[in-house]
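Using the numbering used here, read the sequence shown as starting at 1 and increasing by one per residue. Cβ atoms here follow ideal geometry from the backbone N, Cα and C, with glycine treated the same way. Small disclaimer: the values here were computed from a predicted structure and weren't measured. Structure first, then comments.
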Amino acid sequence: MLETAFTRLVGCNVPIQLAGMGSILSPELAAAVSNAGALGQITFAGIEVDDARRRLDRLSQLTSKPFGVNVLIPYLDMGILEMAAPRARVIDFFWGDPDPELVSFVHDAGALASWQVGSTAEAMAAEQAGCDFIIAQGFEAGGHIRGTLGLLPLLSSVLDEVSVPVLAAGGIGNGRSIAGVLAAGAAGVRMGTRFIAAEESNAHPDYVKAVIAARAEDSVRTNRFHVECPLCPSTHGVLRQAIEAAEAFEGEYVAEIELGGERTRIARFRGVPPFKGFHGHIEAMACYAGQSVGDVKKVQPAAEIVAEMVDEADKLLNRA
Ligand SMILES: Cc1cc2nc3c(=O)[nH]c(=O)nc-3n(C[C@H](O)[C@H](O)[C@H](O)COP(=O)(O)O)c2cc1C
């Protein structure tokens with residue numbers, strides 16, 4: 001069903017890659033997405049190798065299907081890469097210049113390498129670096145936004161310039177959008193926001209509620225959430241309500257969490273999206289969301305989300 005160059009390359013059934021989403025992802029969500037036939041992913045950024053290994057062990061217990069490990073270049077930890085690359089089908093990079101040495105390292109360990117890019121020049125550099133597939137991220141995306149173009153102008157240009165499979169990311173939250181970009185020549189899609197309210201997600205329940213209540217218009221581009229963020233300055237796709245709540249908040253810290261026996265406080269406008277375990281003013285944290293947020297209508301198992309979207313895309317493409 002919906003076989004593409006991406007599904008053949010990676011060995012999955014459905015042309016959907018779960019986006020890297022930091023601590024919003026859980027091994028449970030990654031496994032559920034992989035078990036549903038798509039490519040589940042988990043992000044390792046700013047954590048210890050042992051912690052990453054434990055999460056990978058859990059993920060491997062929950063699925064025997066291919067999955068990816070998402071790595072942010074400013075948090076690159078070669079120890080984690082050494083541990084993860086032999087176990088993952090894909091090592092997925094974001095937020096740094098495509099690096100041929102890193103790609104060779106991944107290939108030598110037996111995994112595929114993908115790179116999420118924000119411009120055609122970056123896509124060409126990723127292909128030259130040896131990446132097996134590329135993700136073109138449009139300005140509609142949730143979280144950190146790499147480039148300045150909307151998805152369709154970027155995708156069209158990238159597809160003209162590279163020959164490896166290209167996935168489309170940013171604002172895609174339903175089968176109609178999937179059908180649209182597949183018809184345009186994409187080999188699949190990468191989706192983040194649509195999975196925030198998945199039953200298996202690690203998003204804080206108040207964040208999930210805000211995402212469900214939001215319309216597409218509530219996803220805005222901003223650079224306000226920049227405090228202690230090694231990826232900043234940059235633009236993010238965030239809920240407008242989160243900016244308003246953080247602006248209205250009087251005080252230095254909006255929330256806190258206890259991790260490994262240590263209490264961490266989150267400063268106002270710090271770029272950390274709210275995951276389970278946080279206490280405080282969740283609504284004033286970095287509630288990242290892409291324009292696909294209007295497609296998130298309820299809490300659902302990830303498998304149901306995947307099946308619904310694929311069914312809709314399949315019908316539309318057959319009709320076309
Ligand atoms: C809550 C959230 C956290 C994100 N964190 C990461 C991350 O850790 N690594 C990464 O590569 N991309 C991250 N992104 C961006 C995604 O890779 C992707 O470009 C984006 O989700 C696509 O747009 P969509 O959210 O409309 O599907 C994040 C996106 C969201 C919504």
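As a quick exercise: from 8, 13, 208, pick the residue whose alpha carbon is nearest that of residue 314.
Reading the sequence shown from its first residue, position 314 is the one you call residue 314. Out of 8, 13, 208, 13 has the C-alpha closest to the C-alpha of residue 314.
Return the Cβ separation of residue 162 and residue 127 in integer angstroms, given the expectation that the two are a contact with Cβ distance under 8 Å.
Mapped onto the sequence shown, residue 162 falls at position 162. Mapped onto the sequence shown, residue 127 falls at position 127. Confirmed, about 5 Å.
Can you list, in chain order, the stretches of the alpha helix (DSSP H) that have 4 or more residues and sit fully within the segment 89-151?
DSSP runs (the alpha helix (DSSP H)) wholly in the segment 89-151: 100-108, 120-128.
Can you tell me whether DSSP reads residue 256 as helix, strand or coil?
For the purposes of this step, residue 256 is taken as residue 256 along the sequence shown, with counting starting at 1. Strand, per DSSP.
Pull up the CB-CB distance for residue 44 and residue 71, whole angstroms please, since I reckon it's below 8 Å.
For the purposes of this step, residue 44 is identified with residue 44 of the sequence shown, where counting begins at 1. For the purposes of this step, residue 71 is identified with residue 71 of the sequence shown, where counting begins at 1. Beta-carbon to beta-carbon, residue 44 and residue 71 are separated by about 6 Å, close enough to satisfy the 8 Å threshold.
In its own chain, which residues sit with a C-beta less than 8 Å from the C-beta of residue 256, not counting the 5 before and 5 after it?
Taking the first residue of the sequence shown as position 1, residue 256 is located at position 256. Cβ within range, chain order: 263, 264, 265, 266, 278, 279, 280.
Enumerate in chain order the residues of its own chain whose CB-to-CB distance from residue 238 is below 7 Å, with the five nearest sequence positions on each side excluded.
Within the sequence shown, the letter at position 238 stands for residue 238. Result list for residue 238: 220, 222, 225, 286, 287, 288, 289, in chain order.
Classify residue 268 as buried or exposed, calling it buried when 16 or more other Cβ atoms lie within 10 Å of its own Cβ.
Start at 1 with the first residue of the sequence shown, and residue 268 comes out as number 268. Label assigned to residue 268: buried.
Starting from residue 309 and walking both ways along the alpha helix (DSSP H), at which residues does that stretch end?
As a position in the sequence shown, residue 309 is number 309, starting the count at 1. First-last of the alpha helix (DSSP H) with residue 309: 302-319.
Have a look at residue 310 and residue 250 and give me their C-alpha separation to the nearest angstrom.
Translated into the one-based positions of the sequence shown, residue 310 becomes position 310. Translated into the one-based positions of the sequence shown, residue 250 becomes position 250. If you take the alpha carbons of residue 310 and residue 250, they lie about 45 Å apart.
Buried or exposed: where does residue 148 fall if 16 or more other Cβ atoms within 10 Å of its Cβ makes it buried?
Taking the first residue of the sequence shown as position 1, residue 148 is located at position 148. Flag for residue 148 reads exposed.
So is residue 64 buried or exposed if we call it buried at 16+ other beta carbons inside 10 Å?
The residue given as residue 64 occupies position 64 in the sequence shown. Looking at its Cβ environment, which holds fewer than 16 other Cβ atoms inside 10 Å, residue 64 is exposed.
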